[in-house]
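Using the numbering used here, the first residue of the sequence shown is number 15, and each one after it goes up by one.
Don't be surprised by glycine CBs; every beta carbon is placed ideally from N, CA and C.
Working notes, beginning with the structure itself.
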Amino acid sequence: MQKKLIALAVAGLMSAPAFAQSNVTVYGLVDFGYVYTGDSATSGVKSRNAIDAGNSAGNRLGFKGTEDLGNGLKASFVYETAVRGDANDNGLWGSTGSRQSFVALSGNFGTVALGKQYAPQYTLASAVDAFNRGTVATIANVYIHESRLDNLAAYVSPNWSGLSFVAAYTNSASGNEGIHNDFGNQDSTTRDARAWAISPSYKNGPVYVALNVHQIRVNASDATTKVWDLGGTYDLGMVKLGAIYGVRDIKDSVKHSQWGLTAVVPVGTAGKIQASYIHRKSDWDAAVSDAKVSQWGIGYQHELSKRTAIYTAFSDINNKGSAKDGGQGAAFVGTAQGSISGNYQRGFTVGLRHTF
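This is the structure we're talking about:
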C-alpha cells in the first residue's frame, strides 16, 4: 500500500491524471560499492579506485501497473529510468525511460508489448550468468550481446507446460544504448536499424534451456549482423550449473564465437558462491590471426533480508590472444578502457544493494 501511495503522490506532481489509479506501483534499486579496476585508463592511469553506483545491478526508479479489462484481458505498463546517484547532479542518467518503457496487452493468446524492452538475447545471457549480468565479473565483459531495443514490438506466447517463445521486431532500433564491449557493432549495426528475434525456451523444475536467433540490419548501409545463442542451467540443489554458446557474424567485418560456463553454490539459506569462465574468439576479416580473450570470475553474495544484500566479486581478463591480432577485440572490466595491446584486466568490487 505504501508503494502505491508513493506512486500516486509522484503521479500527482507530474500532473498526469492518467497515473491516478490504485494499481500503480513504484519500485527501484539502489546499489553502491567500492570498485577497483587494474590496467584501466578510466581515471587517466593504469588503475582506478572509486565508490561507484550500480555495481551489481543498475540503479533505477520505475513505475508499473495493471488493469483488468474483463473477458480475460489485462493491460499493463512499465516505465523505468536509470538513476545516476553517484554524482553532484544526483539526477536521471540519460533520458527519462532510458531503461524500459512499454505498454502491453495480455490474455489467453499470450502478451503483446510495444516500446523499449529487453532483447531476448539479454534474457538468456542474464539467466545463465552466475552474476546475473552484474559486478566486475559480468558475462557482458566478454560475451557480446544486445541489451534493450527501442521501438520494439514483442509477442510472448502462453506457457505450455514449461515451453514458451518470444518473437520481436523493430524497424527503428536507434537510441543511445550501445552493446557492452561491442567491438565493431556500435554506430554500425544497432543504431537506426531493423532487427528481429525469435527465442523459444523451456523452463520446468530444475531445467532451463533457451535458444536465441536474431538479425540486425542497418537501414543506411544494409550491413547485417546474424546471431544465434544456445544456453541453459540445471539446478542440482547443491550447485546450479550453466552453459552458453553463441555465434555473432557481422558481414564483411568479424565473426565472434563465444561460450561460457557458470556455477552457483548455495551457502546456507542466505548466501551463494558465484563462479564463471567466459571465452571469445574473434575472426576479423582483415586480420592475420584470430583474436582470443577469456575471463574468469568468482564472487559471493549474502542476503541480509528479502530486499537487501551485500556482495563481492573478482574478475581477471586475459587479452593475450587479442594482442596477437593487433589488440582487436580486447575485453575490459565494465566501462574501464585499458590498453588494447594484450594486457590483463582485473577487477574487484564489494558493495551493498537494496531494492524497494
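Fill in: For N155 and H194, the rounded distance between their alpha carbons
Confidence at H194 is low in this model, with a pLDDT of 44, below 50, so its placement is unreliable and the value that follows should be read with caution. Cα to Cα, H194 sits roughly 7 Å from N155.
Discussion item. Which same chain residues end up closer than 6 Å to P214 when comparing Cβ atoms and leaving out the 5 residues on each side of it in sequence?
Written reply: Residues F179, L225 of the same chain have their beta carbon placed closer than 6 Å to that of P214, with the five preceding and five following residues left out of the count.
Practice prompt. Sort out for me which residues DSSP pairs T184 with in a bridge.
Written response: A209
Worksheet entry | Start-to-end residues for the beta strand (DSSP E) that takes in V156 | Counting along the chain, V156 falls outside any beta strand (DSSP E), and DSSP gives it neither H nor E.
Fill in: Whole-number beta carbon distance between R74 and R113, since they are thought to touch under 8 Å
6 Å
Fill in: Runs of alpha helix (DSSP H) wholly within the region 286-312 (minimum 4 residues, chain order)
none
Item to complete: Check whether the Cβ atoms of T363 and G47 sit closer than 8 Å, and answer yes or no.
Response: yes
Worksheet item: Near I212, what residues of its chain come up, given a Cβ to Cβ distance below 6 Å and the 5 sequence neighbours on each side ignored?
Response: For I212, same chain residues with a beta-carbon under 6 Å away, outside a window of 5 residues either side, are A181, V227 in chain order.
Worksheet item: Alpha carbon to alpha carbon, how far is Q135 from A67?
Response: When the Cα atoms are used, Q135 and A67 turn out to be separated by approximately 25 Å.
Fill in: Start-to-end residues for the alpha helix (DSSP H) that takes in Y358
Neither: Y358 is in no alpha helix (DSSP H) and is coded neither H nor E.
Item to complete: Give the single residue among R360, W310, L83, S120 whose Cα lies nearest to the Cα of R294.
Response: A check of alpha carbon separations from R294 across R360, W310, L83, S120 identifies W310 as the nearest.
Worksheet item: For G72, which residues of its own chain have a beta-carbon under 8 Å away from its beta-carbon, when the five flanking residues on both sides are left out?
Response: Sequence-distant Cβ neighbours of G72 in its own chain, meaning closer than 8 Å and more than five residues away, are L43, D45, A96, R113.
Worksheet item: Would you say A327 and A139 are within 8 Å of each other, going by their C-beta atoms?
Response: no
Worksheet item: For the alpha helix (DSSP H) that contains S329, what are its first and last residues?
Response: S329 -> not in any alpha helix (DSSP H); beta strand (DSSP E) instead, spanning 322-332.
Worksheet item: Apart from the five residues just before and just after T51, which ones in its own chain have a Cβ nearer than 6 Å to its Cβ?
Response: Leaving aside the five residues that flank T51 on each side, the residues in its chain whose CB is nearer than 6 Å to its CB run, in chain order, R62, V347, A350, G361.
Discussion item. Could you compute how far the alpha carbon of V223 sits from the alpha carbon of E81?
Written reply: Distance between the alpha carbons of V223 and E81: 32 Å.
Discussion item. Strictly by DSSP, which residues pair up with A64?
Written reply: V49
Practice prompt. Could you check the C-alpha separation between S175 and N122 for me, to the nearest Å?
Written response: 15 Å
Fill in: C-beta atoms of A133 and S90 nearer than 8 Å
no
Fill in: Burial state of F370, where buried means 16 or more other Cβ atoms lie within 10 Å
exposed
Worksheet item: Helix, strand or coil for A139 per DSSP?
Response: It is helical.
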